[in-house]
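Using the working numbering, read the sequence shown as starting at 506 and increasing by one per residue.
For reference, the structure is listed below as structure tokens.
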Amino acid sequence: MEYFSLEHDQRLEAIGGSITFPEQVVQGFEHAEDFQTAVVKPGRKQGYSCIIEHPVFLVSDEIHQIFSRFAPDMKSKTVQVLNPSTYSQDTYYMLDLPEIDCISLTHSMIEKGFVKKLVINEEPVENQPIFRIKSLIRPSLVVRLDVAEALLRTSLYGLKIQRILTEAGVEHE
């Protein structure tokens, strides 16, 4: 099976720093209410991105709809981002995803706690369509090939999709 990481496209400005999030949202999924409101900071320009990585990992409504098709039991909480200066709002979702310890210690390159080359062991993943990799400093969202293909068929803005090597793939190279 092939897997891909989803992250904010670094060529675009990260928008998470322009938003004031409630403390419950920043503390994580288990602390947040089912519906939360966040506000764009006064004087800050708010662009749109389909993914926010920092200070909390959120996905847009479009991504949430796609994920729901592949993981119908996935729990989520709504975060409405309001921009008072433009009278606009965008809907994002916090996701409760499994964290899987699947970094291949024999094939990955890790220096000073940072992963230089990520290779995952497929065995603990057990064909999960969407998951997070446990013990990474930076949040990492991983999707199966079929989920990545569904995302690529839509016009999502600000999303970077990158193939992740698996132990089986490394051994065949």
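We put the beta carbon where it would ideally sit given N, CA and C, even for glycine.
| query | result |
| --- | --- |
| So within the stretch 511–581, which uninterrupted beta strand (DSSP E) runs reach at least 3 residues, ignoring any that extend past its ends? | 540–545, 563–565 |
| Checking the sheet assignment: what are the DSSP bridge partners for Glu604? | Arg637 |
| Starting from the Cα of Thr542, find the closest Cα among Gly533, Gln515, Gln585 and give me that residue. | Gln585 |
| How is the beta strand (DSSP E) around Val647 delimited, first residue to last? | 646–649 |
| Helix, strand or coil for Leu610? Go by DSSP, reduced to three states. | coil |
| Please classify Met506 as buried or exposed, where buried requires at least 16 other C-beta atoms within 10 Å of its C-beta. | exposed |
| Is it buried or exposed for Gly663, if we count other Cβ within 10 angstroms and need 16 for buried? | buried |
| Smallest Cα separation from Phe562: which of Glu512, Arg668, Glu631? | Glu512 |
| Following the continuous beta strand (DSSP E) through Thr671, name the residue where it begins and the one where it ends. | 664–671 |
| Where Ser565 and Gly533 are concerned, what is the direct C-alpha to C-alpha distance, given to the nearest angstrom? | 17 Å |
| State the DSSP-derived secondary structure class of Leu656, mapped to helix, strand or coil. | helix |
| If you drop the 5 nearest sequence neighbours on each side, which residues of the same chain put their C-beta closer than 7 Å to that of Tyr597? | Ile557, Leu563, Val564, Ser565, Val584, Val586 |
| Just the Cα atoms here: how many angstroms apart are Val630 and Arg516? | 30 Å |
| In whole angstroms, give me the CA-to-CA distance for Asn626 and Ser645. | 15 Å |
| Compute the Euclidean distance between the alpha carbons of Gln667 and Pro547, then round it to the nearest angstrom. | 34 Å |
| Under 8 Å Cβ to Cβ from Ala655, same chain only, skipping five residues before and after it: list those, please. | Ile571, Arg574, Phe575 |
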